[in-house]
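Some notes on the structure that comes next.
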Amino acid sequence: MADAQVKHRPGPFKQTNKSHKHGKHRSKGKLDEINSGRVGAKSISRRLHHALSKQQRQNRLSQIRKHKRQEVLTKKRGIGNLGSVPHIIAVIPLSLHAVDSNKIVNDITSCDETANIIKGYSGTTLVSNSYKATFTILQPPLKDLYACLDAAKIADTILFVLSASNEIIDSYGHHCLSCLFAQGLPTSIVTAQGIINHSGKKQHEIKRNIQKIVLQKFSKEKWFHLDTQQDAQRILRIAATTKLQKITYREIRPYLLAETVEFNECDSSDNGVLQVTGYLRGHSLSANNLVYIPGSGEYQLLKITAPPNPSLNSNSRRSSTDQIESMEEDMRVLDEADPAIQETLIAEADIDTLNDEQTWPTEEELQQADEERKQKMKRNRKFAVPAGTSSYQACWIVASDDEENDGLDDDADDDENNFSNDDIPDAVEYDHDEPASPAYSSHEGESKTVTFSTVMDGDAINYDQEMDWERERTELEKMRAEKEDRTFPDEIDTPLNIPAREAFIDYRGLRSFRTSPWDPKEDLPRDYSRIFQFQNFKHTRKVILSSNEESNVQIGWYVTLHIKNVPRDIADNLQTHRPLVIFGLLQHEQKASLDEKSAHLLNISFKVMLIVVLQMSVLNFVLQRTAYYSGTIESNDRMMFQVGFRRFSASPMFSQHSTGNKHKLERFFRTNEAIVATMYCPIMFPPAPVIVFRENEDGGFSLVATGSLLNVNPDRTVVEKIVLSGHPYKIHKRIAVIRYMFFNREDIAWFKPVELYSKFGRRGHIKEALGTHGHMKCIFDKQLKAHDTICMNLYKRNFPIWDYNPIVPRPILSLSVNDQPTNETTARKFETKMDTNL
0 MADAQVKHRP GPFKQTNKSH KHGKHRSKGK LDEINSGRVG AKSISRRLHH ALSKQQRQNR
60 LSQIRKHKRQ EVLTKKRGIG NLGSVPHIIA VIPLSLHAVD SNKIVNDITS CDETANIIKG
120 YSGTTLVSNS YKATFTILQP PLKDLYACLD AAKIADTILF VLSASNEIID SYGHHCLSCL
180 FAQGLPTSIV TAQGIINHSG KKQHEIKRNI QKIVLQKFSK EKWFHLDTQQ DAQRILRIAA
240 TTKLQKITYR EIRPYLLAET VEFNECDSSD NGVLQVTGYL RGHSLSANNL VYIPGSGEYQ
300 LLKITAPPNP SLNSNSRRSS TDQIESMEED MRVLDEADPA IQETLIAEAD IDTLNDEQTW
360 PTEEELQQAD EERKQKMKRN RKFAVPAGTS SYQACWIVAS DDEENDGLDD DADDDENNFS
420 NDDIPDAVEY DHDEPASPAY SSHEGESKTV TFSTVMDGDA INYDQEMDWE RERTELEKMR
480 AEKEDRTFPD EIDTPLNIPA REAFIDYRGL RSFRTSPWDP KEDLPRDYSR IFQFQNFKHT
540 RKVILSSNEE SNVQIGWYVT LHIKNVPRDI ADNLQTHRPL VIFGLLQHEQ KASLDEKSAH
600 LLNISFKVML IVVLQMSVLN FVLQRTAYYS GTIESNDRMM FQVGFRRFSA SPMFSQHSTG
660 NKHKLERFFR TNEAIVATMY CPIMFPPAPV IVFRENEDGG FSLVATGSLL NVNPDRTVVE
720 KIVLSGHPYK IHKRIAVIRY MFFNREDIAW FKPVELYSKF GRRGHIKEAL GTHGHMKCIF
780 DKQLKAHDTI CMNLYKRNFP IWDYNPIVPR PILSLSVNDQ PTNETTARKF ETKMDTNL
């Protein structure tokens, strides 16, 4: 111990030196310790980082500016100049009777005496050496809204003509404007006709009214007179120098306006070859691609030829029909279809029943289930019993067949009487034995206008014979169902004759509609085996639009499309309705053989599926109901759609436009609400405007809704919600006895896991069943009120109906009272909103 070294410990009074203060930064030694072993960074080099000097950056911006300016000039010079594609001007009057469109076309075509005029199939072409420009004037037929829409699709400039009368824009003009605004307008010029027919003071008032209308409808301040040939010359000069508005959905596809149309019928069948001649626009075209005729479907091309251009070879005023013989002599083939790689016309994929991943009931199983249901209905049949008989005593009473039939007949008579009294409108009640004295007129909607007048007996009989009472009853039922759904949304009554566990076998309960999972691939219908889905729709669209390869036939060429296998009746229909527009289809919009690259893009095994038809899928559209229609629109009602360049009819399924992985089904299309319409139809890529029409009783149609294409997504889960309701019978603090939700003990046990809630905000669940008549004991988070209602939510996924039809008839324009705005303010808001969206 003595040898152990003892360390000296200084006492409190000894001197202690302060440590060196090197500041708040790290000391040199610390920095050397941290940086030991590090290699110094390379010096920054402008060459390695591709840094540009100030002068180089200015030169680069100048080059980009010149390149963009050159692109604009090239595009502008490619339309309307001599030897190029004619500038298409569509003349659309906004007053049905007060505007003379024939005079306007004559003034425009005769304003230049030295011009060469060629009368074509769809319009009149004006080759003017004075303006060094070529114009094609389109005059769509009046009352043909499809013709106006087709003319606006392909026109470079729309010439709107207002009336100088008291009604500047009539109901026909408002209807056309609503459809054209929804479709998308190219460059537009607003003019007025008939101002010179009024005195000076009257002209000032008319000009002020026209200025107000133009500013309100078109958001423009300029409009022009169109009464003389000098005014027509000014219109041509403005059209030739105005910047053209770009319409995306037509610029990314090839399209053509028919200058001449000829049909050559084959000897073996009623089908033939339709030869359509015109200038190719938008994008290049191949003979192996498919072409689409609006309202008539898709067709294959036989070949593409190049006839002589009449605007270059003609020096006199003659029609295009006089040049057919000379064209046929000099016609040469530009591209011919190859049957090995040409797109097929198979509309959908073949169903492989051996590749199903889920069971499907057979015909025998469906028949057996139907027989079991009939047996249960027979066991639950009601029959008459003496007054005062209890349910226990009624079980021992055996009813004969005669008594059962008598009871059923009585019930049927009662139902018929109740139906006739309830479903016929209140304003129409008369005895069938005596002729009705009042004659009434009503319109669809919740409000009805009844006009009483004195009519003869014969007029009343004819009126009753012309009335379609079945349609009236159907519309009345729809109105009442819509009103009930608005008052009590999603609530239904539990059936008495069928157990609830069987009636709602397809429904399930969810803990949370927003967060609970739902597999989009579960229990898919058989129609889903006929459609196709993209792995990433946005990426696919981007790839297709960016890699749209050039084809053999280029933009601006004067070509003849030889369309094969066109039925005779469709060709006759096309030749009676003008203008005729032909569109080419993009990849996946047409039926295509699947190559390895496309298979990888769509996440499809190329070895398993060598040939796939890529057309039909589930498309979703965002729609907004217009203020011009006040009728009831139910989900799955058949309507006519115009989506971009396509026109078809289908029965859409409505759902809420919301976020999340589930979307609630909407049973009715209500006003002032944006909904999503889901249906089976061919694949299309946005942007694509949507216009929805509905057919009327007189064969016309009304504008129902407008919107745009949302996406192509078969995985969109549309869930139908139903609400079962019950009422408190006994309440003891948090425990209550609920009745009228179910009517047997087994149903209560079946739906026991589903959560309950009340309309006053209470939450609870089922504890047990009481008795055998549907009473159940439930416990809640707080005590119930006696007038509260207990609810249970059940959900089921719905799918659209497969009834796509590409052949759409051309009904006459119907301007009924329902087409007019419900009030002036609503109509003005709608028009303003459409202008804002465009």
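Counting in numbering that gives the first Met the number 0, the sequence shown tops out at residue 837, every number present.
Where is the CB? At the ideal position from N, CA and C, for every residue including glycine.
Worksheet item: Given K6, which residues of its chain have a CB within under 8 Å of its CB, disregarding the five upstream and five downstream residues?
Response: For the purposes of this step, residue 6 is taken as residue 7 along the sequence shown, with counting starting at 1. Nothing listed; no residue qualifies.
Worksheet entry | Residue span of the beta strand (DSSP E) that contains S127, given as start and end | Walking along the sequence shown from the start, residue 127 turns up at place 128. Where S127 is concerned, the enclosing beta strand (DSSP E) stretches over G122 to S127.
Fill in: Paired residues, beta bridge with V736 - DSSP
Reading the sequence shown from its first residue, position 737 is the one you call residue 736. DSSP lists K729 and K776 as partners of V736.
Worksheet item: Is E70 helix, strand or coil when you go by DSSP?
Response: To locate residue 70, count along the sequence shown from 1; it is residue 71. Of the three classes helix, strand and coil, the one that applies to E70 here is helix, per DSSP.
Item to complete: Identify every run of the beta strand (DSSP E) within the region 84 to 137, keeping only runs that are complete inside it and at least 3 residues long; order them along the chain.
Response: Taken in chain order, the complete beta strand (DSSP E) segments of 3 or more residues contained in the region 84 to 137 are 86 to 92, 115 to 118, 122 to 127 and 132 to 137.
Discussion item. Is it buried or exposed, H173, if we count other Cβ atoms within 10 angstroms and call 16 or more buried?
Written reply: Taking the sequence shown and counting its residues from 1, the one referred to as residue 173 is at position 174. Burial check for H173: the Cβ neighbour count within 10 Å reaches 16 or more, so the residue is buried.
Discussion item. Applying the 10 Å Cβ sphere with the 16-neighbour rule, what's the burial state of I765?
Written reply: In the sequence shown, the residue the question calls residue 765 occupies position 766. Buried is the call here.
Item to complete: Would you identify the three-state DSSP class for H7, choosing helix, strand or coil?
Response: Locating residue 7 in the sequence shown gives position 8, counting from the first residue. Under the three-state reduction of DSSP output, H7 falls in the coil class, being neither helix nor strand.
Practice prompt. Look up V617 in the DSSP assignment and give the residues it is bridged to.
Written response: For the purposes of this step, residue 617 is taken as residue 618 along the sequence shown, with counting starting at 1. The partner list for V617 (beta bridge, DSSP) reads Y679.
Worksheet entry | Beta-carbon gap between E335 and A286 smaller than 8 Å | Within the sequence shown, the letter at position 336 stands for residue 335. Within the sequence shown, the letter at position 287 stands for residue 286. Their beta carbons are under 8 Å apart, which means E335 touches A286 by this criterion.
Item to complete: Report buried or exposed for H561, applying the criterion of at least 16 other Cβ atoms within 10 angstroms of its Cβ.
Response: The count along the sequence shown starts at 1 and reaches residue 561 at position 562. H561 should be labelled buried.
Worksheet item: Mapping DSSP to helix, strand and coil, what is K663?
Response: As a working note, residue 663 is residue 664 in the sequence shown. Residue state, collapsed to three classes: strand.
Practice prompt. Could you have a look at N270 and say whether DSSP puts it in helix, strand or coil?
Written response: By 1-based counting over the sequence shown, the position of residue 270 is 271. DSSP, read as helix, strand or coil, puts N270 in coil.
Item to complete: Enumerate in chain order the residues of its own chain whose CB-to-CB distance from T505 is below 7 Å, with the five nearest sequence positions on each side excluded.
Response: Along the sequence shown, one-based indexing puts residue 505 at 506. Before going on, a small fix: residue 505 reads as Asp here, not Thr. K795, listed in sequence order.
Fill in: Exposure label - Q4; buried when at least 16 CB within 10 Å
Along the sequence shown, one-based indexing puts residue 4 at 5. Taking every protein chain shown into account, the CB of Q4 has fewer than 16 other CB atoms within 10 angstroms, so this residue is exposed.
Practice prompt. Assign L60 to one of two classes, buried (16 or more other C-beta atoms within 10 Å of its C-beta) or exposed (fewer than that).
Written response: Translated into the one-based positions of the sequence shown, residue 60 becomes position 61. L60 counts as exposed, since fewer than 16 other beta carbons sit within 10 angstroms of its beta carbon.
Discussion item. Between which residues of its own chain and I234 is the CB-CB distance below 6 Å, once the five residues before and five after are set aside?
Written reply: Translated into positions along the sequence shown, residue 234 becomes position 235. Once the five neighbours on either side are set aside, I234 has no close Cβ partner at all.
Worksheet item: How long is the line joining the alpha carbons of S629 and E261, rounded to whole angstroms?
Response: By one-based count along the sequence shown, residue 629 stands at place 630. By one-based count along the sequence shown, residue 261 stands at place 262. Distance from the CA atom of S629 to the CA atom of E261, rounded to whole angstroms, is 43 Å.
Fill in: Check whether Q182 and I581 have beta carbons under 8 Å apart
Within the sequence shown, the letter at position 183 stands for residue 182. Within the sequence shown, the letter at position 582 stands for residue 581. Their beta carbons are not under 8 Å apart, which means Q182 does not touch I581 by this criterion.
Worksheet item: Could you give the C-beta distance for I209 and I167, rounded to a whole number, given that I count them as a contact under 8 Å?
Response: Within the sequence shown, the letter at position 210 stands for residue 209. Within the sequence shown, the letter at position 168 stands for residue 167. I209 to I167, Cβ: 6 Å. Contact.
Discussion item. For the structure I just gave you, are there three or more beta carbon pairs, one from the region 110 to 120 and one from the region 77 to 96, closer than 8 Å?
Written reply: Here the region 110 to 120 does not lie against the region 77 to 96, with fewer than 3 beta-carbon pairs under 8 Å apart.
Fill in: Coarse secondary structure for K563, derived from DSSP in three states
What you label residue 563 is simply residue 564 of the sequence shown in a count that begins at 1. Note: K563 maps to strand in three-state DSSP.
Item to complete: Tell me, to the nearest whole angstrom, how far the beta carbon of V84 is from that of G555; I am working on the premise that it is less than 8 Å.
Response: Taking the sequence shown and counting its residues from 1, one reaches residue 84 at position 85. Taking the sequence shown and counting its residues from 1, one reaches residue 555 at position 556. Indeed, because the Cβ distance is near 5 Å, the residues count as touching under 8 Å.
Practice prompt. From the DSSP output, in three-state form, read off Q341 for me.
Written response: Against the sequence shown, residue 341 aligns to sequence position 342. In this structure, Q341 counts as coil in the three-state DSSP scheme.
Item to complete: Would you mind sorting S147 into buried or exposed? The rule is 16 or more other CB atoms within 10 Å of its CB.
Response: By 1-based counting over the sequence shown, the position of residue 147 is 148. A quick correction: the sequence has Cys, not Ser, at residue 147. Burial call: buried.
Worksheet item: Taking the C-alpha atoms as reference points, what is the distance between T677 and R666?
Response: On the sequence shown, position 678 is the one that residue 677 refers to. On the sequence shown, position 667 is the one that residue 666 refers to. Each residue's alpha carbon lies about 13 Å from the other.
Item to complete: Would you grab the beta carbon distance between N797 and E719 for me? Rounded to a whole angstrom, and I think it's under 8 Å.
Response: The count along the sequence shown starts at 1 and reaches residue 797 at position 798. The count along the sequence shown starts at 1 and reaches residue 719 at position 720. 5 Å between Cβ atoms; contact.
Worksheet item: Exposed or buried, what is D409 when buried is set at 16 or more other beta-carbons lying within 10 Å of its beta-carbon?
Response: Translated into positions along the sequence shown, residue 409 becomes position 410. Low per-residue confidence applies at D409: pLDDT is 45, beneath 50, and the placement is therefore not dependable, though the value from the model is reported in the following sentence. Exposed, since its Cβ has fewer than 16 Cβ neighbours within 10 Å.
Discussion item. Using CA atoms only, rank isn't needed, just tell me which of F741, G119 and T259 is closest to A845.
Written reply: Here the chain comprises residues numbered 0 to 837, so residue 845 is not present and cannot be evaluated.
Worksheet item: Tell me, which residues are paired with P139 by DSSP?
Response: Here residue 139 refers to the residue found at position 140 when the sequence shown is read from its first residue. Beta-bridge annotation (DSSP): P139 is not paired with any residue.
Item to complete: Ignore the nearest five residues each way along the sequence and tell me which others in D106's own chain have a CB closer than 8 Å to its CB.
Response: Working through the sequence shown from its first residue, we reach residue 106 at position 107. Contacts found: L225, T227, Q228, D230 and A231.
Discussion item. Do I91 and D155 count as a contact pair if the criterion is CB distance below 8 Å?
Written reply: Counting from one through the sequence shown, the residue named residue 155 turns up at place 156. Counting from one through the sequence shown, the residue named residue 91 turns up at place 92. No. Outside cutoff.
Worksheet item: From this set, F668, V722, T670 and V642, which residue's C-alpha is nearest G706's C-alpha?
Response: In the sequence shown, counting from the first residue as 1, residue 706 sits at position 707. Distance from the Cα of G706 is smallest, within the candidate group F668, V722, T670 and V642, for V642.
Discussion item. Let me make sure I understand the geometry here. Which of R479, V621, I194 and P713 has the alpha-carbon closest to that of S164?
Written reply: Start at 1 with the first residue of the sequence shown, and residue 164 comes out as number 165. Of the candidates R479, V621, I194 and P713, the one whose C-alpha sits nearest the C-alpha of S164 is I194.
Item to complete: Less than 8 Å between the CB atoms is what I'm expecting for A735 and L783, so what's the real figure, rounded?
Response: Here residue 735 refers to the residue found at position 736 of the sequence shown. Here residue 783 refers to the residue found at position 784 of the sequence shown. Contact between A735 and L783 holds, with the beta-carbon distance rounding to 5 Å and staying under 8 Å.
Worksheet entry | For G294: DSSP bridge partner residues | Within the sequence shown, residue 294 is the residue found at index 295, counting from 1. DSSP, once it has assigned bridges, lists no residue as partnering G294.
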